[in-house]
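For what it's worth, this note's numbering labels the leading residue of the sequence shown as 10, then goes sequentially.
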Amino acid sequence: MDKLFTRVSERATGAFLVEWQWLPHGAAQPTVGSLSFEVDAYHKDDRGALAELKGLYYLLEHKHVHGERRLGNGVKLCVSSGAIRKALAKNALKKTMSGKTDKAAVANAATFLATKYFEATVEVARWPEMTPKSVVPCEEVEDLGRQFDRITIDCPLLGESVSLSRHAMHRYVARIDQKRDKLDESDLSSVADARWTAAWRWFARIFPNPSLVRAELLPKVKAKFEAKYGKDCHYLHFQDAGVLLVVRRDSVGLIVATVIRLSPYEPLIVLPDYMVGQGLVKGHLHLSRK
Numbered sequence: 010m011d012k013l014f015t016r017v018s019e020r021a022t023g024a025f026l027v028e029w030q031w032l033p034h035g036a037a038q039p040t041v042g043s044l045s046f047e048v049d050a051y052h053k054d055d056r057g058a059l060a061e062l063k064g065l066y067y068l069l070e071h072k073h074v075h076g077e078r079r080l081g082n083g084v085k086l087c088v089s090s091g092a093i094r095k096a097l098a099k100n101a102l103k104k105t106m107s108g109k110t111d112k113a114a115v116a117n118a119a120t121f122l123a124t125k126y127f128e129a130t131v132e133v134a135r136w137p138e139m140t141p142k143s144v145v146p147c148e149e150v151e152d153l154g155r156q157f158d159r160i161t162i163d164c165p166l167l168g169e170s171v172s173l174s175r176h177a178m179h180r181y182v183a184r185i186d187q188k189r190d191k192l193d194e195s196d197l198s199s200v201a202d203a204r205w206t207a208a209w210r211w212f213a214r215i216f217p218n219p220s221l222v223r224a225e226l227l228p229k230v231k232a233k234f235e236a237k238y239g240k241d242c243h244y245l246h247f248q249d250a251g252v253l254l255v256v257r258r259d260s261v262g263l264i265v266a267t268v269i270r271l272s273p274y275e276p277l278i279v280l281p282d283y284m285v286g287q288g289l290v291k292g293h294l295h296l297s298r299k
């Protein structure tokens with residue numbers, strides 16, 4: 010596996026320094042570098058772990074040390090903070106979506122690794138002492154503010170970018186990828202990590218797809234959904250796969266709350282009317298159980 014080592018320290022100035030080493034599989038010498046930035050005083054606890062996560066976000070999302078358009082496949086993240094490893098414990102994520110940490114801020118900041126980079130292996134490792142192949146000068150990057158970094162996907166239909174919640178990723182893998190029902194959709198411990206990578210790529214494909222359209226909920230369904238997800242939601246129907254996405258707005262922006270597989274026996278959305286012989290039939294009626 011390709012390995013990305015990180016460790017963090019706090020400078021006398023109060024800024025944090027995240028050192029990193031990128032060691033591709035089979036290479037004897039790493040590329041090394043460091044990042045410097047400040048952490049907002051709002052974050053009083055676990056500042057080192059949050060700084061390390063900020064560094065990982067920059068290295069993967071902006072610097073692309075692991076390669077362009079690559080997700081977590083074949084990548085091992087060798088971190089210095091045990092809280093990060095606990096937040097990304099795979100078996101717990103597959104069962105509860107929340108890892109094993111009780112540190113809410115760390116879990117929140119690690120969401121990008123628990124979604125887009127789910128397939129990456131995360132472990133606590135010693136800092137290796139190796140002669141570098143090349144050294145990247147220390148980079149001054151954007152400070153960590155009160156809000157944690159979130160990865161988004163452009164959605165032309167809504168005119169905004171949307172992010173993916175852990176819950177939405179989990180529900181896609183269970184309901185769409187694995188075609189599970191409500192009785193066995195929670196525990197995904199037997200599902201391969203690669204299915205989360207496939208899930209992210211699916212979302213990245215469908216948001217700009219013209220087959221993604223706005224959906225109107227049936228009246229009785231709308232009342233139920235508004236009670237559960239709130240009134241400020243968008244309902245998107247991906248017709249090619251028979252999937253309904255619930256997109257809500259939180260304090261940061263739009264986020265996919267959940268994914269629902271449309272069933273022919275439980276109509277949820279209004280569909281176009283269609284002709285049967287000489288008669289016009291309401292579109293959603295063909296979804297009803299005979």
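Built from N, CA and C at the ideal position, the CB exists for glycine as well.
Between which two residues does the beta strand (DSSP E) carrying residue i extend?
i	result
Val84	84-88
His243	242-247
Arg56	Unbroken run through Arg56 is the alpha helix (DSSP H), 56-66; no beta strand (DSSP E).
Where does residue i fall in DSSP's three states?
i	result
Glu148	strand
Thr120	helix
Lys188	coil
Thr105	helix
Lys299	With a pLDDT of only 32 at Lys299, under 50, the local geometry of the prediction cannot be trusted, and no value is derived from it.
Val115	helix
Val182	helix
Leu13	strand
Leu277	coil
Arg78	coil
Glu138	coil
Leu69	helix
Provide the residue(s) that pair with residue i in DSSP beta bridges, ordered along the chain.
i	result
Asp163	Ser170
Val268	Leu254
Ser260	BP columns for Ser260 are empty, so no partner.
Gly42	Trp29
Thr130	Lys85
Arg223	Leu245
Val48	Leu153
Glu194	None; Glu194 has no bridge partner.
Ser18	Leu26
Ser143	Thr40
Along the alpha helix (DSSP H) that carries residue i, what are the first and last residues, could you check?
i	result
Val230	228-238
Trp31	That residue, Trp31, is in no alpha helix (DSSP H); its beta strand (DSSP E) goes 25-32.
Thr206	203-215
Arg94	91-96
Round the Cβ separation of residue i and residue j to the nearest angstrom and send it over; I've been treating them as touching at under 8 angstroms.
i	j	result
Trp31	Leu13	6 angstroms
Leu245	Leu221	6 angstroms
Glu61	Val27	6 angstroms
Val144	Val41	6 angstroms
Trp205	Val182	6 angstroms
Phe127	Gly81	6 angstroms
Ala331	Lys112	Because the chain in this structure spans residues 10 to 299, residue 331 falls outside the shown range and cannot be described.
Ile160	Glu70	6 angstroms
Asp4	Phe216	Since the first and last residues shown for the chain are 10 and 299, residue 4 lies out of range.
Ile6	Glu225	Lying before the first or after the last residue shown, residue 6 is absent from the chain, which here runs from 10 to 299.
Ala123	Asp54	Their Cβ separation, rounded to whole angstroms, is 20 angstroms, which puts Ala123 and Asp54 out of contact at 8 angstroms.
Lys103	Val200	7 angstroms
Going by the C-beta, is residue i closer than 7 angstroms to any heavy atom of the ligand HEM?
i	result
Val41	This structure lacks the ligand HEM; in fact it carries no ligand of any kind.
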